[in-house]
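**Student:** The listed protein sequences derive, respectively, from chains R and W. Letter by letter, the first sequence follows residues 1 to 258 of this note's numbering. Letter by letter, the second sequence follows residues 259 to 852 of this note's numbering. The beta carbon of each residue, even a glycine, is placed where N, CA and C say it ideally should be. Have a look at this one.
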Amino acid sequence: MKLKVYRYHDGMKEPRYDTFKLKSDPGMTVLGALFQFQQQFDDSIAFHYSCRGAVCGTCAMLINKVPRLACRTQVASLIKGELKIPLSQFPAIEETVKWNPEEEILVEPLPNFPVIRDLIVDTTSFFNYYKFVEPVFKPADKTPEKERLMDPSAIPELELYTNCILCGACFGSCPIDGKNPDYLGPAALAKLYRFHIDPREKEGTDRLERANIPEGWWACEFYGNCRRVCPKGVPPLIAIAKAREQLNDINEKKEEEP
Amino acid sequence: MGGVNVIVTKSLNHDDAKEKSGSSPQATIHSHEVIIIGGGLTGLRAAIQIADAGLNGAIISKVHPLRSHSVAAQGGMNASLGNVPGEDGKNDSWEMHAYDTVKGSDYLADQDAVELMCREATSTVIELEHMGTVWSRLENGKIAQRPFGGAGFPRTCYAADRTGHNALNTLYEQLSDRDIPVYEEFFVTSLVQDRGRCNGCTAIDIKTGTVHGFVSKAVLMATGGFGRIFSRSTNALINTGDGHTLALNAGVPLKDMEFVQFHPTTLYGTNILMSEGARGEGGILLNSNGERFMEHYAPNSLDLAPRDVVARSIETEIREGRGFDGGYVNLDLTHLGADRIMERLPGIRLIAMDFAGVDPIDDPVPVQPGQHYSMGGIDVDINGATILPGLYAAGECACISVHGANRLGGNSLLETVVYGRLVADKIIEDNPIHLEPDIEPIKLAIIDIEDKIGDIMDRKDNGNFFRVKNAITDIMFNKFGIFRDSDGMDDGLVEIKNLQEQFSMLSPINKEKPFNQSLIQFLEVDGMLKLAEIIALSAIERKESRGSHTRIDHPERDDVNFLKHTVSILNGEEVDITYKPVILGMFEPKERVY
């Protein structure tokens, strides 16, 4: 089996693909395969890594045309065709290079981000959108002496969104981010919603207003790729739909008032 | 030497400090009152404290702060909140927390530091809650607590099994809100000294490959552990002990480096952590005969004995032929039921499914002990200060000695946040007495590092250095693992020395500057080889068994000769080992029984 890897650095006219024959050990992941490539084939390859346990979100990349965490993706499962995820297509994930999925694993940088080098992308805009939604806890009341009480039944919904590891797979899979670079994207909106539903924050829609702009809640077209690729099962779509509903309710009420 | 053009920046936004293009050699020097090296829980908590005190601080980090190893912490954070009463209906107290910690440490912890940590624990958990951390909750709305190994009470506050993730995200949110500058993907290459004090550092901007200077009145090391020196480790791949190496090279001693914690339950194959929370929730360990073998080793605490005890028990079962082929035992959670597993242990369920193809709801999880934590580290006093004025350390990279010879689960996250804050307070207090830093030594240090890298790149032998990296980790796990003896360790030391010699001839093949990750790994391995030697010497010299340091040839604890900290320091290329007393006070040493 082979690893087919996207290569690019400043000064190249266009990217190239390097192919490396893998020695596949049981349980090997795509990240493991990249280390094999680096140690035995070409140590100039650049890719991000950290936890290797699918919790830090560093190694999101496009693997067989699906944004995934390289550390979590088993090489053998890919070759067996077990990890197929049907995605709404858009230019960045369409077929750009010939590859035989029965014996090759295609590894490319995450779409919708500018490529810096090889598999490393520039996440500046992604984190700017994160910052734009003001992701910091704003409690409704003054700081008490002890912990604020929280109804445990409020936790599961909150956890759906706090689980986000900001890996960027959703952003890289989003057809809207692919055509509208100003769209805040699924991760930032999910993060915003996480604070909106935190029962310790002030009730109301102030939080939601922050993304009540064409590039915010209203840009989504519900393709659903974000949810399908999220390694943590975060559902930005649900957040976006609920946010819109609540903002619409407010607008209707405003219109009803004399 | 003197012809370096320098751009000095005092801007809060380091993006303004871009190098100007030109033909002459240039260096970019950034100026901050406090430089924090490391962006995990300790670094972030310290940075927030420093910003709130009105000081100009900045973080330098090898990775984006959210990619720090803190994010992988699962189980929880200990604090005697007393939200869940003990079995006898009694309430927890900080004194009980301190007692369990000192006993767990096999009496090697400094008791003044333990007292401080345990006193500060409850306010620290609550402080995180006030910053927005979503903790798991009890029916009455208070922060939930669960039992952990070696603790007399259900004391461990948790956020399902993603406590580190939740806490790190909370602190990063607070950091972003304060616009504290972060130099991301900078690999620190040296600490700079002037007039007998630390006044900054140099670092490679990994993205461009250029060496930058950082001038400051104080430097805080918050670089985490060195777990990746061992082949079987739960640690992130980035945990290569860089901070320890920096301190050593600056003439600062390390302490208790022989005390390396092996977590009992890491996933067979990849050694990803299976949280102690799994046993806290009722998970049990079974050998290949289906026996709950902890009954023989810790009849009272069973599977929730401290980590050193459980790790040794598992390893003994495997060695005596009661493990499974390949060397593992089973962690059985199936009796907990799907609901409890999904509510309390969703993360480890995912990991078991993704990385071992096992769903813990239906089948036991194959586990084996693996390196997890370093009790030792940069030698600091109770304020986090090193012997080098202006240089401080906190978190796992430091040895303030709250864990002694064995750390209890739930105390590491606690230490990071408590001492991230307290050591920052000390830096703030010391700030007026620190000298205004001089820029000249930084300029010279940049030239030194550029020369060093040039020398490495010019080496003729381009033999594959990665094999040295793989070899050193195998030696450390096999010869300095859970069970140690003098013969194995002596052999190991010889092998380490051989690898050091081979490595000194090698060079990365890639000679390019931007994103030369091969060079970064090369520099990491360079440091790891020295740290390996120090761990080896410290372990060889400690002729007793205490906590995680278990010697087959010296099975008993020896308080007469070894109730003391090992202090290791570089003397040229040589390592000198000395000792210093443990600070006792609250609890007299006695035999540990669980």
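Along chain R, which residues have their Cβ under 9 Å away from the Cβ of ASN768 of chain W?
**Tutor:** Position 510 of the second sequence, counted from the first residue, corresponds to residue 768 of chain W. Correct list: ASP42, ASP43, SER44 and ILE45.
**Student:** What's the C-alpha gap between THR414 of chain W and PHE738 of chain W?
**Tutor:** As a working mapping, residue 414 of chain W is identified with position 156 in the second sequence. As a working mapping, residue 738 of chain W is identified with position 480 in the second sequence. Computed Cα separation, rounded: 30 Å.
**Student:** Report the rounded CA-to-CA distance for GLU373 of chain W versus THR380 of chain W, giving the unit in angstroms.
**Tutor:** Sequence index remark: in the second sequence, residue 373 of chain W carries index 115 (1-based). Sequence index remark: in the second sequence, residue 380 of chain W carries index 122 (1-based). One C-alpha to the other measures close to 13 Å.
**Student:** Taking the straight line between their C-alpha atoms, what separation do you get for ASN251 of chain R and GLY224 of chain R?
**Tutor:** Looking up residue 251 of chain R in the first sequence gives position 251. Looking up residue 224 of chain R in the first sequence gives position 224. Going from the Cα of ASN251 of chain R to the Cα of GLY224 of chain R covers about 26 Å.
**Student:** Using a Cβ-Cβ cut-off of less than 8 Å, list which residues of the region 770 to 791 of chain W approach chain R; keep chain order.
**Tutor:** Hits within the stretch, in order: GLU770, PRO772, PHE773, ASN774, GLN775 and SER776.
**Student:** Three or more C-beta pairs closer than 8 Å, one from the region 531 to 550 of chain W and one from the region 673 to 687 of chain W: is that the case here?
**Tutor:** Counting Cβ pairs under 8 Å, fewer than three are found: no touch.
**Student:** Whole angstroms are fine: how far does the CA of HIS48 of chain R sit from the CA of ILE120 of chain R?
**Tutor:** Residue numbering aside, residue 120 of chain R sits at position 120 when the first sequence is read from its first letter. Residue numbering aside, residue 48 of chain R sits at position 48 when the first sequence is read from its first letter. Going by the C-alpha atoms only, they are around 6 Å apart.
**Student:** Quick one: residues in its chain with C-beta nearer than 7 Å to the C-beta of GLN760 of chain W, no 5 flanking neighbours on either side, listed in chain order?
**Tutor:** For this step, residue 760 of chain W is matched to residue 502 along the second sequence. For GLN760 of chain W, where only same-chain residues beyond five positions count, the Cβ hits under 7 Å are VAL726.
**Student:** Within the chosen definition, does the region 695 to 710 of chain W reach the region 454 to 463 of chain W through at least 3 CB pairs nearer than 8 Å?
**Tutor:** Yes, the region 695 to 710 of chain W is in contact with the region 454 to 463 of chain W.
**Student:** Per DSSP, what kind of secondary structure is GLN332 of chain W in: helix, strand or coil?
**Tutor:** Along the second sequence, one-based indexing puts residue 332 of chain W at 74. Note: GLN332 of chain W maps to coil in three-state DSSP.
**Student:** In chain W, what lies closer than 7 Å to LEU192 of chain R by C-beta?
**Tutor:** Along the first sequence, one-based indexing puts residue 192 of chain R at 192. What LEU192 of chain R touches in chain W: nothing, since even the nearest Cβ is about 12 Å away.
**Student:** Would you kindly report the start and end of the unbroken alpha helix (DSSP H) that includes TYR161 of chain R?
**Tutor:** To locate residue 161 of chain R, count along the first sequence from 1; it is residue 161. Run containing TYR161 of chain R: 155 to 162, per the alpha helix (DSSP H) assignment.
**Student:** Going by Cα to Cα distance, which pick from R:LEU106, R:GLN39 and R:ALA243 is closest to LEU3 of chain R?
**Tutor:** If you number the first sequence from 1, residue 3 of chain R lands on position 3. That would be R:LEU106, whose Cα lies nearest to the Cα of LEU3 of chain R.
**Student:** Tell me, please, whether the CB atom of ASN64 of chain R is closer than 9 Å to any CB atom in chain W?
**Tutor:** Counting from one through the first sequence, the residue named residue 64 of chain R turns up at place 64. With 9 Å as the cut-off, ASN64 of chain R does not count as an interface residue toward chain W.
**Student:** By the 10 Å Cβ neighbour count, where 16 or more other Cβ atoms means buried, how is LYS191 of chain R classified, buried or exposed?
**Tutor:** What you label residue 191 of chain R is simply residue 191 of the first sequence in a count that begins at 1. That one is buried.
**Student:** Okay, do the region 513 to 521 of chain W and the region 662 to 669 of chain W touch, 3+ Cβ pairs below 8 Å being the bar?
**Tutor:** Contact holds: three or more Cβ-Cβ distances are below 8 Å.
**Student:** Is it the case that the region 38 to 47 of chain R contacts the region 145 to 155 of chain R, given that we only count it when at least three CB pairs across the two stretches are under 8 Å?
**Tutor:** At 8 Å Cβ cutoff, the stretches do not touch.
**Student:** Short of 8 Å in beta carbon distance, which residues of its chain neighbour PRO91 of chain R, apart from the five on each side in sequence? Order them along the chain.
**Tutor:** Here residue 91 of chain R refers to the residue found at position 91 of the first sequence. Hits under 8 Å: GLY178.
**Student:** Let me know the secondary structure DSSP gives CYS902 of chain W once reduced to three states.
**Tutor:** Any question about residue 902 of chain W goes unanswered here, given that chain W covers just 259 to 852.
**Student:** Which residue wins for smallest C-alpha separation from GLY81 of chain R, given the options R:GLU102, R:MET61, R:LEU87 and R:LYS65?
**Tutor:** Sequence index remark: in the first sequence, residue 81 of chain R carries index 81 (1-based). Closest by alpha carbon: R:GLU102.
**Student:** What three-state label does DSSP hand LEU247 of chain R in the structure shown?
**Tutor:** Locating residue 247 of chain R in the first sequence gives position 247, counting from the first residue. Residue state, collapsed to three classes: helix.
**Student:** By the three-class DSSP mapping on this structure, what secondary structure does CYS51 of chain R have?
**Tutor:** Taking the first residue of the first sequence as position 1, residue 51 of chain R is located at position 51. The answer is coil: DSSP assigns CYS51 of chain R none of H, G, I, E or B.
**Student:** For the region 598 to 616 of chain W against the region 485 to 501 of chain W, do three or more pairs of beta-carbon atoms, one drawn from each stretch, fall closer than 8 Å, so that the two count as touching?
**Tutor:** No: the two stretches stay apart, fewer than three of their Cβ pairs being nearer than 8 Å.
**Student:** When the Cβ atoms of the region 543 to 557 of chain W are set against those of the region 381 to 392 of chain W, are three or more pairs found closer than 8 Å?
**Tutor:** At 8 Å Cβ cutoff, the stretches do not touch.
**Student:** Would you list the residues sitting across from THR524 of chain W in a DSSP beta bridge?
**Tutor:** As a position in the second sequence, residue 524 of chain W is number 266, starting the count at 1. DSSP output for THR524 of chain W lists W:LEU531 and W:GLN626 as bridge partner(s).
**Student:** Just the Cα atoms here: how many angstroms apart are MET633 of chain W and LYS98 of chain R?
**Tutor:** In the second sequence, counting from the first residue as 1, residue 633 of chain W sits at position 375. In the first sequence, counting from the first residue as 1, residue 98 of chain R sits at position 98. Straight-line Cα distance between these residues: approximately 51 Å.
**Student:** Could you tell me which chain W residues have their CB closer than 9 Å to the CB of GLY27 of chain R, listed as they occur along the chain?
**Tutor:** Here the question's residue 27 of chain R lines up with position 27 in the first sequence. What GLY27 of chain R touches in chain W: GLY527, THR528, PHE613, ALA614 and GLY615.
**Student:** To the nearest angstrom, report how far apart PRO139 of chain R and ASP206 of chain R are at their CA atoms.
**Tutor:** Within the first sequence, residue 139 of chain R is the residue found at index 139, counting from 1. Within the first sequence, residue 206 of chain R is the residue found at index 206, counting from 1. Each residue's alpha carbon lies about 13 Å from the other.
**Student:** Can you list, in chain order, the residues of the region 131 to 147 of chain R whose Cβ is nearer than 7 Å to any Cβ on chain W?
**Tutor:** Per Cβ criterion, the list reads LYS131, PRO135, VAL136, PHE137, THR143, LYS146 and GLU147.
**Student:** How about VAL133 of chain R and LEU189 of chain R: do their beta carbons lie closer than 9 Å?
**Tutor:** Counting from one through the first sequence, the residue named residue 133 of chain R turns up at place 133. Counting from one through the first sequence, the residue named residue 189 of chain R turns up at place 189. Taking 9 Å as the Cβ cut-off, VAL133 of chain R and LEU189 of chain R qualify as a contacting pair.
**Student:** Where in the region 791 to 835 of chain W do unbroken runs of the beta strand (DSSP E), each at least 3 residues long, occur, reported from the N-terminal end onward?
**Tutor:** DSSP runs (the beta strand (DSSP E)) wholly in the region 791 to 835 of chain W: 822 to 829.
**Student:** State the Cα-Cα distance for the pair TYR129 of chain R and ALA211 of chain R, rounded to the nearest angstrom.
**Tutor:** As a working mapping, residue 129 of chain R is identified with position 129 in the first sequence. As a working mapping, residue 211 of chain R is identified with position 211 in the first sequence. Those two C-alpha atoms are separated by around 10 Å.
**Student:** By how many angstroms is the C-alpha of VAL833 of chain W removed from the C-alpha of GLY750 of chain W?
**Tutor:** In the second sequence, the residue the question calls residue 750 of chain W occupies position 492. In the second sequence, the residue the question calls residue 833 of chain W occupies position 575. GLY750 of chain W and VAL833 of chain W: Cα-Cα distance of roughly 16 Å.
**Student:** Indicate the three-state DSSP secondary structure (helix, strand or coil) for PRO139 of chain R in the structure shown.
**Tutor:** Locating residue 139 of chain R in the first sequence gives position 139, where the first residue counts as 1. Three-state DSSP puts PRO139 of chain R in a strand.
**Student:** What is the DSSP secondary structure of ASP274 of chain W, counted as helix, strand or coil?
**Tutor:** Mapped onto the second sequence, residue 274 of chain W falls at position 16. Caution is warranted here: a pLDDT of 37 is assigned to ASP274 of chain W, below 50, making its placement in the model unreliable, and the coordinate value is therefore given only provisionally. ASP274 of chain W: helix per DSSP, three-state reduction.
**Student:** Under a CB-based cut-off of 9 Å, is ALA239 of chain R close to chain W?
**Tutor:** Taking the first residue of the first sequence as position 1, residue 239 of chain R is located at position 239. No, ALA239 of chain R lies away from the interface with chain W (no Cβ there is under 9 Å from its Cβ).
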